[in-house]
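Chains as they are written, first to last, in this note's numbering: chain P, 287 to 497; chain F, 287 to 497. Below you'll find the structure, written out as C-alpha cells, and then a few comments.
Protein chains: 2
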Amino acid sequence: MTRTGTAREKILAAAIKLVRAKGFTATTVDDLCVEAGVTKGAFFHHFASKEALGAAAAEHWSKMTAAFFAEAPYHQVADPLGRLFAYIQFRRDILRGELAEFTCLAGTMVQEVYAAHPVIGAACNASISDHAATLAPDIAAAMCERGLDPDGSTTGWSAESLALHTQAVLQGAFILAKAKGGPTIAEESVEHLSRYIRLLFTVAEPSRSAP
Amino acid sequence: MTRTGTAREKILAAAIKLVRAKGFTATTVDDLCVEAGVTKGAFFHHFASKEALGAAAAEHWSKMTAAFFAEAPYHQVADPLGRLFAYIQFRRDILRGELAEFTCLAGTMVQEVYAAHPVIGAACNASISDHAATLAPDIAAAMCERGLDPDGSTTGWSAESLALHTQAVLQGAFILAKAKGGPTIAEESVEHLSRYIRLLFTVAEPSRSAP
DNA sequence: ATTTCAATACCAACCAGTTGGTATGTTTGT
DNA sequence: ACAAACATACCAACTGGTTGGTATTGAAAT
C-alpha cells in the first residue's frame with residue numbers, strides 16, 4: 287500500500303484537533319481539508335461521507351489513546367489498587383495546558399451526534415467503554431484481595447461499574463473545565479474520585495488505616 | 287406588554303427541545319422556527335442572532351431548572367445531609383424516559399460552543415454553577431455539624447468543591463447515558479456519588495454507622 | 001528491462017441545497 | 001397615531017458531496 291495513508295492520517299489528525307475545539311457539526315469538511323492540507327477530492331476518496339470520517343476519527347482516537355495509556359508509567363505499579371490510584375493521578379496530571387488538548391474526543395462528539403449519527407455514537411461508546419475495560423481487571427483484583435465479589439454481590443457495586451464511574455467523573459470534569467474556562471475544578475473532581483476509591487477500599491479492610 | 291412573549295417563549299422552548307436532541311450547531315434557525323410555529327422574521331425580532339438565542343436559552347434553562355428544583359420534594363427533609371442525599375436520589379429518579387428529556391441543556395451546549403461562542407458558554411457556566419451553589423449551604427451545614435471546616439482546611443475538600451463534583455458526576459453520567467444509549471450506567475454512577483458522600487460523612491462521624 | 005495494465009491516490013472545478021441573516025412589509029394593542 | 005409584534009420574500013455565503021480527470025504505484029506480460 288505504498289505511502290498511502292498520508293492524506294488519510296492527516297485528515298484524521300485534523301479531525302481530532304478541530305472536533306475537540308469546535309465540535310463535530312461546526313467542523314466543516316473544508317475546515318478539515320485546509321487543516322490537513324489536502325483537497326476535498328482527497329477527503330471523499332478516503333471517507334465516504336463526513337459521518338464516516340467522524341466514525342473513523344473516533345476509532346483512530348480509540349487506538350491512539352489505547353497506545354498512549356498502555357505506555358503510561360502507572361502500569362509499573364505492582365499492586366492493582368495502587369495502579370488504579372496511579373492511573374487516576376496520571377489522568378489528573380494530564381489536566382494541563384489548553385482545554386482542547388486534554389479533552390476527550392469521544393465524549394465531546396457523542397453528545398452532539400448520538401441521535402443524528404448512531405454510527406459515530408457507537409464508535410465513541412466503544413472508545414470510552416474499551417478504555418474503562420482496561421481498568422476493570424485491576425479493580426476486580428483489588429476487590430478480590432479484600433474478599434469482595436467483583437460482580438457486586440457483597441458491595442452493591444461491580445468492578446465494571448466503578449470503572450465506568452471513573453470515566454463519568456472524568457467526562458464530567460471536562461465539561462466543568464470547559465464551562466469554567468480552566469482545569470482547576472476538573473482537578474478537584476478527580477481528587478474527589480480518588481478519595482472515593484480510597485474510602486471504598488479503606489472501609490472494606492479496616493485493619494489497614496489510610497496512610 | 288399584551289400577550290407578548292408568546293413567540294419568544296415558544297422559540298425558547300423549541301431551542302431547549304431541539305438543542306438537547308441535536309446540539310446547538312446542528313439545530314438551524316429554520317428548525318427552531320418550524321418547531322416553535324413562528325416565522326424567521328419573528329425569530330430575528332426577538333433574538334439578534336442565533337448566538338443570542340443560545341445564550342437566552344441557557345438563561346431560560348437556568349430559571350426553569352431553578353424553579354423545578356426549588357419545588358422538588360427533597361427540600362422537605364429537615365437534616366442538611368439528609369436533604370443532600372434526597373437531592374441525589376431525586377436526580378437519580380429523574381433518569382428515566384428519553385435521553386433528551388433528562389439531559390442537561392447547559393452541559394450539552396457548553397461542550398460545543400465554549401470556544402466559538404463564549405457568550406453562550408458563560409450562560410451555561412452560570413446555569414451549572416448556580417445550581418451547584420444551591421447545594422453548597424447544605425453541604426457546609428453538614429460539615430459544620432461534624433466539626434469539619436466547610437472551606438476544606440480540615441478535610442482537603444470544600445463544600446463548594448463537593449457541590450461542583452456532584453454536578454460533574456451528573457454531567458459525566460449524561461455522557462455515558464448517551465454513549466450507551468440508556469440511563470442504566472448513569473444511575474449506577476449517581477449511586478457511586480451517593481456512596482461517596484455517605485462514606486465521606488460516615489468516616490467523619492464514626493459514632494453513627496451507616497443506616 | 002521494458003511495456004502494459006489496472007488500481008489506487010489525489011486534484012480543481014463545480015453543483016444543488018441549506019445556512020444565518022436582512023429588507024420590507026402588515027397586523028395588533030394602546 | 002405610534003410602536004411593538006409578527007410575516008413574506010429574499011440573498012450572499014457556505015454546506016456536503018460529485019464530477020471528470022491526472023499522477024503514481026506495483027505487478028504481470030513481454
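Beta carbons: idealized from backbone N, C-alpha and C, even for Gly. Predicted model only: the values in this text are computed from it and were never measured.
Can you give me the C-alpha to C-alpha distance between residue i and residue j, rounded to a whole angstrom?
| i | j | result |
| --- | --- | --- |
| F:F329 | F:E295 | 11 Å |
| F:H331 | F:G383 | 35 Å |
| P:G393 | P:A402 | 15 Å |
| F:A293 | F:A322 | 7 Å |
| F:L485 | F:G407 | 34 Å |
| F:V363 | P:L298 | 52 Å |
| P:Y360 | P:Y373 | 6 Å |
| P:D435 | F:S475 | 19 Å |
| P:T452 | F:K336 | 36 Å |
| F:D437 | F:F487 | 15 Å |
| F:A409 | F:A341 | 6 Å |
| F:G442 | P:L370 | 21 Å |
| F:P492 | P:K303 | For F:P492, the predicted structure reports a pLDDT of 39, less than 50, and the residue's modelled location is therefore unreliable. A value from the coordinates is still provided. Looking at the two C-alpha atoms, the distance is approximately 49 Å. |
| P:L339 | P:A427 | 38 Å |
| F:L479 | F:R377 | 11 Å |
| F:V405 | P:L318 | 25 Å |
| P:E431 | F:E357 | 46 Å |
| P:L385 | P:N411 | 21 Å |
| P:E473 | P:D379 | 8 Å |
| P:Q375 | F:M429 | 26 Å |
| F:I483 | F:E477 | 10 Å |
| F:Y400 | F:G467 | 25 Å |
| F:I425 | P:D424 | 32 Å |
| F:V324 | P:T389 | 38 Å |
Which stretch, first to last residue, makes up the alpha helix (DSSP H) that contains residue i?
| i | result |
| --- | --- |
| P:A373 | In the sequence as displayed, the identity of residue 373 of chain P is Tyr instead of Ala. From DSSP, the alpha helix (DSSP H) with P:Y373 extends over P366 to I380. |
| P:A300 | T292 to K308 |
| F:W347 | K336 to A356 |
| F:T452 | A445 to K466 |
| F:Q362 | Note, F:Q362: premise wrong, no alpha helix (DSSP H); not H, not E. |
| P:A426 | P404 to E431 |
| P:C390 | Segment: none, P:C390 is in no alpha helix (DSSP H) and carries neither H nor E. |
| F:A328 | K326 to H332 |
| P:D317 | V315 to A322 |
Report the CB separation of residue i from residue j in whole angstroms; it is logged as a contact under 8 Å.
| i | j | result |
| --- | --- | --- |
| P:A344 | F:A459 | The Cβ separation is near 20 Å, so there is no contact. |
| F:P469 | F:L381 | 4 Å |
| P:E446 | P:A422 | 5 Å |
| F:S413 | F:W347 | 6 Å |
| P:A449 | F:V396 | Not quite, the Cβ-Cβ distance comes to about 26 Å (not below 8 Å), so this is no contact. |
| F:I471 | P:Q457 | About 11 Å; that fails the 8 Å criterion. |
Is it buried or exposed for residue i, if we count other Cβ within 10 angstroms and need 16 for buried?
| i | result |
| --- | --- |
| F:R481 | buried |
| P:F354 | exposed |
| P:A334 | exposed |
| F:K326 | exposed |
| F:V320 | exposed |
| P:S439 | exposed |
| F:G433 | exposed |
| P:D316 | exposed |
| P:G368 | exposed |
| P:E398 | buried |
| P:A463 | buried |
| P:A300 | buried |
| F:D365 | exposed |
| F:R289 | Because F:R289 carries a pLDDT of 45, less than 50, the predicted location of this residue cannot be relied on, and the following value inherits that uncertainty. Label assigned to F:R289: exposed. |
Touching or not, the region 304-313 of chain F and the region 308-316 of chain P, by the rule of three or more beta carbon pairs under 8 Å? Verdict: yes, contact present.
Check whether the region 406-425 of chain P touches the region 349-364 of chain P, counting contact only when three or more Cβ pairs, one atom from each stretch, lie closer than 8 Å. Yes: at least three Cβ pairs fall under 8 Å.
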